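The block underneath contains the structure these notes are about, expressed in structure tokens.
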Amino acid sequence: MGDVREIRALLDKKGEQSWGLFIYRACSYNDDSQWERFMERFKGFARERIQWFEETDGGEPILHRLEWNVQEDPALETCSMQDIWRRHRDLMRDRFGEYDGWHIRHAFPLIVTQEAMDSVLAAPTAAEWDPDDYKSHPAHLVLLDMAYYDDQEESEQTPQGGGEVEKFDPENVPFRKVFVRDVYPRLYSMLIDAEWDIMRPVPPGIVRMP
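Mapping of the sequence shown onto numbering that gives the first Met the number 0: residues 0 to 209, in sequence order.
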């Protein structure tokens with residue numbers, strides 16, 4: 000099933016009217032014009048890619064149902080990943096009545112760090128993009144895996160036996176840098192089933208969808 004069809008099927012299954020990840024603005028509170036330029040560029044990538052997939056997949060368009068849920072608070076500039084996990088979980092409970100770690104919009108918030116914003120602003124616009132840029136350009140956003148901290152919290156609340164101490168796993172980190180041009184619709188459709196295992200490489204590498 001194509002990416003747009005996959006997203007449309009999810010909306011129909013859940014009876015939802017909108018889609019799109021929640022976005023946490025963790026930078027640039029001293030320069031709103033920079034943030035506006037970033038959002039204009041990000042939306043340009045999303046619009047270009049979704050329209051291309053709509054033409055390829057056919058069926059009812061979904062671009063007009065994409066919702067830009069941007070969360071803004073200057074305190075986000077100094078928040079840790081775990082702080083944002085807590086904020087996002089609370090937001091989902093307030094917005095939807097409960098936190099559902101299996102729902103894509105609950106499970107994978109986007110975070111715009113200063114590094115991420117700078118990388119996107121340094122990228123060509125959607126109209127200027129060259130195929131070679133796909134493999135070489137570092138334009139990215141940060142995607143948080145809520146399950147990382149969900150599992151951590153659960154393990155802390157569960158009595159532990161005297162087994163072996165888990166070995167450090169350098170790939171077990173709570174976030175990935177994701178290629179900005181992949182976010183909508185490709186990445187979104189592939190994360191519908193919470194397929195975090197496909198998210199390679201780990202930072203500082205950038206995940207690029209096949």
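Quick reminder that beta carbons are idealized off the backbone N, C-alpha and C, glycines included.
Since we're looking at a predicted model, the values are computed, not measured.
Provide the residue(s) that pair with residue 71 in DSSP beta bridges, ordered along the chain. Partner(s): 24.
Under the DSSP definition of a beta bridge, which residues are partnered with residue 139? For residue 139, the beta-bridge partners assigned by DSSP are 178.
Beta-carbon proximity list for residue 167, same chain, < 7 Å, skipping 5 on both sides: At residue 167, the pLDDT of 46 sits below 50, so the modelled position is not reliable; the number obtained from the coordinates is stated separately. So the list is empty, once near-sequence residues are dropped.
Just the Cα atoms here: how many angstroms apart are residue 2 and residue 192? Going by the C-alpha atoms only, they are around 13 Å apart.
Where residue 128 falls: helix, strand or coil (DSSP): Correct three-state label for residue 128: coil.
May I ask you to report which of helix, strand or coil DSSP gives residue 205? Here residue 205 sits in strand by DSSP.
Does the Cβ-Cβ distance between residue 176 and residue 209 come in under 8 Å? Not closer than 8 Å, so no.
Taking all protein chains shown into account, decide if residue 27 is buried (16 or more other Cβ within 10 angstroms of its Cβ) or exposed. That one is buried.
N- and C-terminal bounds of the alpha helix (DSSP H) containing residue 119: That run of the alpha helix (DSSP H) goes 113-120.
Is the separation between the beta-carbon of residue 25 and that of residue 110 shorter than 8 Å? A contact, by the Cβ cut-off of 8 Å.
List the endpoints of the continuous alpha helix (DSSP H) containing residue 188. It spans 187-190 - the alpha helix (DSSP H) in which residue 188 sits, taken as one unbroken run.
Sort 48, 72, 131, 146 by Cα distance to residue 29 and report the nearest one. For residue 29, the closest alpha carbon among the candidates 48, 72, 131, 146 is that of 72.
Can you give the beta carbon distance from residue 64 to residue 10, rounded, assuming they're within the 8 Å contact cut? Right, the Cβ-Cβ distance comes to about 7 Å (below 8 Å), so this counts as a contact.
So for residue 210, helix, strand or coil by DSSP? Limits of the chain in this structure are 0 at one end and 209 at the other, which puts residue 210 out of reach.
Since residue 107 and residue 145 are thought to touch, with beta carbons under 8 Å apart, how far apart are those beta carbons, to the nearest angstrom? For a cut-off of 8 Å, the C-beta gap from residue 107 to residue 145 is around 7 Å, short enough to register as a contact.
Mind checking which residues open and close the alpha helix (DSSP H) that includes residue 84? For residue 84, the uninterrupted alpha helix (DSSP H) run begins and ends at 80-95, by DSSP.
Among all the DSSP beta bridges, which residues are the ones paired with residue 18? Answer is 65.
Whose C-beta lies closer than 6 Å to the C-beta of residue 56 among residues of the same chain, with five residues either side of it excluded? Result list for residue 56: 1, 3, 4, in chain order.
Write down the C-beta distance between residue 179 and residue 138 rounded to the nearest angstrom, noting that I regard them as a contact closer than 8 Å. Rounded, the Cβ-Cβ distance is 5 Å, consistent with contact.
When the Cα of residue 134 is compared with those of 205, 142, 118, which residue comes out closest? Checked all of 205, 142, 118; the closest Cα to residue 134 is 205.
Let me make sure I understand the geometry here. Which of 93, 91, 142 has the alpha-carbon closest to that of residue 195? Looking only at 93, 91, 142, the smallest Cα-Cα distance to residue 195 is reached by 142.
Nearest-angstrom Cα distance between residue 78 and residue 84? When the Cα atoms are used, residue 78 and residue 84 turn out to be separated by approximately 10 Å.
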